[in-house]
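Okay, structure first, notes after.
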Amino acid sequence: MIFDLKAPIFGFDSTTRLELKKIDDIFMRLQSVDADEPSFTLVNPFVLRDYEFDIPSNLQEKLEIDENSNLLVFNIVMIQKPIENSTINFVAPLIFNTDTKTMAQMIINDKPEYGVTEVIASFLPKDEDA
């Protein structure tokens with residue numbers, strides 16, 4: 261599914277259209293339509309933790325969000341080897357409105373429990389036999 265970017269992804273101001281592709285039930289790939297860069301691996305934060313925030317009204321307007329909108333939320337993952345060392349940015353989620361095919365990145369300023377580089381291993385089940 262191709263989305264028009266309504267608020268820039270930080271560091272990629274010239275990117276305007278991106279394609280969201282499913283990898284599996286947890287991970288997605290976000291790739292620029294018009295160039296090779298940027299390309300991001302995304303994760304569904306809701307499978308990892310309790311995660312909630314309010315979308316500011318100005319962003320709701322840009323994405324044409326109303327009470328009936330179908331939204332997706334993903335976070336950027338910095339992939340490392342092994343995968344357990346990968347980090348997730350919970351402070352800057354990507355919001356997708358699948359009805360209007362628009363998206364944006366936002367910053368969460370009021371949730372100190374969310375970090376910029378949280379290690380994915382801290383959200384995985386602990387192996388009791390190890």
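For the sequence shown, our numbering begins at 261 and goes up steadily by one. All residues carry an ideal CB built from backbone N, CA and C; glycine is no exception.
- Within the DSSP bridge table, the entry for asparagine 335 names Val303 as partners.
- Bounds of the beta strand (DSSP E) holding glutamine 365 are 362 to 365.
- In the structure shown, the three-state DSSP call for glutamine 340 is coil.
- If you look at asparagine 349, you'll find it isn't in any alpha helix (DSSP H); DSSP assigns it neither H nor E.
- In this structure, glutamate 279 places its C-beta atom within 7 Å of the C-beta atom of valine 293.
- For isoleucine 339, same chain residues with a beta-carbon under 8 Å away, outside a window of 5 residues either side, are Thr301 and Ser346 in chain order.
- In the DSSP annotation of this structure, the continuous segment of the alpha helix (DSSP H) that includes lysine 322 starts and ends at 317 to 322.
- For the pair of segments examined, the segment 325 to 335 was found to touch the segment 353 to 369: the number of CB pairs separated by less than 8 Å reaches three.
- Within its own chain, the residues whose Cβ lies closer than 7 Å to the Cβ of isoleucine 283, once the five positions on either side in sequence are excluded, are Arg289, listed in chain order.
- Residue burial is scored here from C-beta neighbours: asparagine 330 has fewer than 16 other C-beta atoms within 10 angstroms and is therefore classed as exposed.
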